[in-house]
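Under our numbering, the first residue of the sequence shown is numbered 417, with each subsequent residue one higher.
In this text, a Cβ means the ideal position worked out from N, Cα and C, and glycines have one as well.
None of the values given here were measured: they were computed from a predicted structure.
This report concerns only the one structure given below.
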Amino acid sequence: MACSTDDNANSINQVDPIIGSFQSSFTLTDETEDGQVVDISANGIIIFNADGTGSRNLLVTTDGGEPQESNETFEWENLSSTLNSSETTQNYAINGDAFTAVFTSTFSSLVLSEDGGDLQISMTRN
417 MACSTDDNAN SINQVDPIIG SFQSSFTLTD ETEDGQVVDI SANGIIIFNA
467 DGTGSRNLLV TTDGGEPQES NETFEWENLS STLNSSETTQ NYAINGDAFT
517 AVFTSTFSSL VLSEDGGDLQ ISMTRN
């Protein structure tokens, strides 16, 4: 029995491109509750699991101080009405916040940007 082109495309496009482990880094300027402006940088591993869960293990530095370990789990989902893993731009909800991921053409790296925010995370697949 032969597969049609559509059957092949549908089976290939069912896997979300964000699933996997990524080396990640970001920097941003934020304001504390008391109004103090701080520079934050982080790097480490972010993992997106196929079941819609994930984890991040980062070293976070605030205002050039000593790096602090930050480990956290999260939930994520692809917000596209139909998953097409060949699209290099994907929209996600991560712990309820909206993000846009722009992948390279080979899907080996991406920039994950918080919609309406300053956070941009550079990520390279491990």
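Taking the alpha carbon of residue i as the reference point, which residue from the options has its own alpha carbon closest?
i: ASP534; options: ALA514, SER521, ASN494 and THR540; result: ALA514
i: SER525; options: ASN473, GLY436 and THR478; result: GLY436
i: SER441; options: GLY451, ILE434 and ILE462; result: ILE462
i: LEU475; options: ASN459, THR489 and GLU503; result: ASN459
i: ASP531; options: GLU493, ALA517 and THR477; result: ALA517
i: VAL527; options: SER538, ASN487 and ILE456; result: SER538
i: THR443; options: LEU499, GLU449 and ILE456; result: ILE456
i: ILE434; options: PHE464, THR477, ILE510 and SER486; result: PHE464
i: THR478; options: PHE519, ASP432, GLN536 and THR445; result: THR445
i: GLN484; options: TRP492, ASN473 and PHE490; result: ASN473
i: SER502; options: PHE523, SER529, GLY468 and GLY480; result: PHE523
i: THR504; options: THR540, GLU491, GLU447 and SER521; result: SER521
Give the secondary structure of residue i by DSSP, where H, G and I count as helix, E and B as strand, and everything else as coil.
i: THR540; result: strand
i: GLY436; result: strand
i: PHE523; result: coil
i: ALA418; result: Low confidence applies here, because ALA418 scores a pLDDT of 46, under 50, leaving its location unreliable; read the following figure in that light. ALA418: coil per DSSP, three-state reduction.
i: GLN430; result: coil
i: GLY533; result: coil
i: THR489; result: strand
i: ASP467; result: coil
i: ASN511; result: coil
State buried or exposed for residue i, treating a residue as buried only when at least 16 other CB atoms are found within 10 Å of its CB.
i: ASN494; result: buried
i: GLN430; result: exposed
i: GLY470; result: buried
Just to check my reading of the structure: residue i and residue j have Cβ atoms closer than 8 angstroms, yes? What is that Cβ distance to the nearest angstrom?
i: ASN542; j: PHE438; result: 6 angstroms
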